[in-house]
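Just so we're aligned, residue 163 is where the sequence shown starts under the numbering used here, counting upward by one. For every residue, glycine included, the Cβ atom is placed at its ideal position computed from N, Cα and C.
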Amino acid sequence: MDSSIASILLLDGVTNGAIYALLGLATVLVFTVTRIIFIPQGEFVAYGALTLAMLQTGKVPGTVWLLLCLALLACVMEFVERWRHLGDINRALKAGLKTLAFPLLIALLSIWAAPQQFPLWVQAALSVAIVTAFGPLVYRVAYQSLEAATPLVLLIVSVGVHFAMTGLGLLFFGAEGFRNPSFWDERFALGPVALSGQTVIIFVVSLALIVLMWLYFEKSLRGKALRATAVNRTGARLMGISTHASGQLTFLLAALIGALSGLLIGPTTTVFYDSGFLIGLKGFVAAVIAGLSSYPGALVGALFVGIVEAFGAFWASAFKEVIVFTLVLPILLVRSLRSGHSDEEH
Numbered sequence: 163m164d165s166s167i168a169s170i171l172l173l174d175g176v177t178n179g180a181i182y183a184l185l186g187l188a189t190v191l192v193f194t195v196t197r198i199i200f201i202p203q204g205e206f207v208a209y210g211a212l213t214l215a216m217l218q219t220g221k222v223p224g225t226v227w228l229l230l231c232l233a234l235l236a237c238v239m240e241f242v243e244r245w246r247h248l249g250d251i252n253r254a255l256k257a258g259l260k261t262l263a264f265p266l267l268i269a270l271l272s273i274w275a276a277p278q279q280f281p282l283w284v285q286a287a288l289s290v291a292i293v294t295a296f297g298p299l300v301y302r303v304a305y306q307s308l309e310a311a312t313p314l315v316l317l318i319v320s321v322g323v324h325f326a327m328t329g330l331g332l333l334f335f336g337a338e339g340f341r342n343p344s345f346w347d348e349r350f351a352l353g354p355v356a357l358s359g360q361t362v363i364i365f366v367v368s369l370a371l372i373v374l375m376w377l378y379f380e381k382s383l384r385g386k387a388l389r390a391t392a393v394n395r396t397g398a399r400l401m402g403i404s405t406h407a408s409g410q411l412t413f414l415l416a417a418l419i420g421a422l423s424g425l426l427i428g429p430t431t432t433v434f435y436d437s438g439f440l441i442g443l444k445g446f447v448a449a450v451i452a453g454l455s456s457y458p459g460a461l462v463g464a465l466f467v468g469i470v471e472a473f474g475a476f477w478a479s480a481f482k483e484v485i486v487f488t489l490v491l492p493i494l495l496v497r498s499l500r501s502g503h504s505d506e507e508h
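As structure tokens, then:
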């Protein structure tokens, strides 16, 4: 291996690592706030890329109909729960309609816009809106009633949600893969490395999103409320912070990150209905390196995973996935030896 090949592999690894960093940050965010190891994070990635692919063909994506079904189900669940607790049918109806309003608006807009063949950036924004709207609905339908459950129960539910979303992805998009057009076709020569415009976009968007998330958690009131929920759920609840609202907001951010990641990788690789699983797992490996608790650690871990994957693909392409996922074992062993053990309930 000479320096030019090493430079190309390093660029490829850092590019992939930027995507894994976003997914690792989302995984850490969801776990710290809700204690959920969110396995279906990668499905948001696949849904984002494939929804844009469907809009490119002028068809209404199947995710729109799924969004409507989930919104109706969440509306009914919210109505029944508020009616039981408050006994006021008007307030319960208002809460149910509030849950339904945003997804319904996005769905109707998508049904109208799909045949119009708008420019790529409009279709991309619409795809992000569709997938982002899934976040709070998935939390409301699958997790909110189990808020007090143990992490093991929540993990089992995550596995079920993953299989459901993967199966629905096969139903909506079929087994055929799609590759989206690049958002920027320019190419830049940096010595032996050719830097594509799409790679630049990946770096810029990933960095901007990481900075915006830092500003959100450090400067905004809602971000500080999420941090408080992550540190002490009971204390946050006593201070008037709704854990339901925190969970839904957390899943909204996770879905947004997943959708943007899907748009970023769509032009660089062919995305299938089940591609999100492996991509999400690599983000999970980055989160494990960070101990599922550190955002800077997740960023460093993601870059490490991306570089290891790139060089592993060069030396042993058939085993690159094995090499990446084997990283989890020594990391878990070291963390297990260095930390004390306590009961899960504690």
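- According to the DSSP assignment, A337 belongs to no beta strand (DSSP E), since it is labelled neither H nor E.
- Taking C-beta atoms as the reference points, L191 and G442 fail to come closer than 8 Å.
- Residues of the same chain with a CB within less than 6 Å of the CB of M216, apart from the 5 flanking positions on each side, are P223 in chain order.
- About 18 Å separates the CB atoms of I363 and L465; that is not less than 8 Å, and the two are not in contact.
- In this structure, the alpha-carbon of G329 lies about 33 Å from that of V366.
- F350 is classed as exposed because its beta carbon has fewer than 16 other beta carbons within 10 Å across all chains shown.
- Counting only the Cα atoms, P343 lies some 19 Å from G438.
- The segment 427-435 makes contact with the segment 205-221; the number of CB pairs closer than 8 Å reaches 3 or more.
- Proximity to Q410 across F280, I181 and S307 peaks at S307, based on C-alpha coordinates.
- Straight-line measurement puts the Cα of L299 at about 12 Å from the Cα of G258.
- The distance from the Cβ of I419 to that of A188 is about 4 Å, consistent with a contact at the 8 Å cut-off.
- The criterion of a C-beta distance shorter than 8 Å is satisfied by G179 and G468.
- Ranked by Cα distance from G459, the first of T405, G445, A472 and E471 is G445.
- Secondary-structure assignment with DSSP links L352 through a beta bridge to V355.
- Per the coordinates, the alpha-carbon of F334 lies some 29 Å from the alpha-carbon of V447.
- The beta carbon of A472 sits closer than 6 Å to the beta carbons of L171, D174 and G175 from its chain, once the five residues preceding and following it are set aside; these are given in chain order.
- Taking each of F481, L400, V242 and Y435 in turn and checking the Cα distance to R302, the smallest one comes out for V242.
- Following the DSSP letters along the chain, one finds A407 inside the alpha helix (DSSP H) bounded by residues T405 to I427.
- For P458, the uninterrupted alpha helix (DSSP H) segment begins and ends at Y457 to W477.
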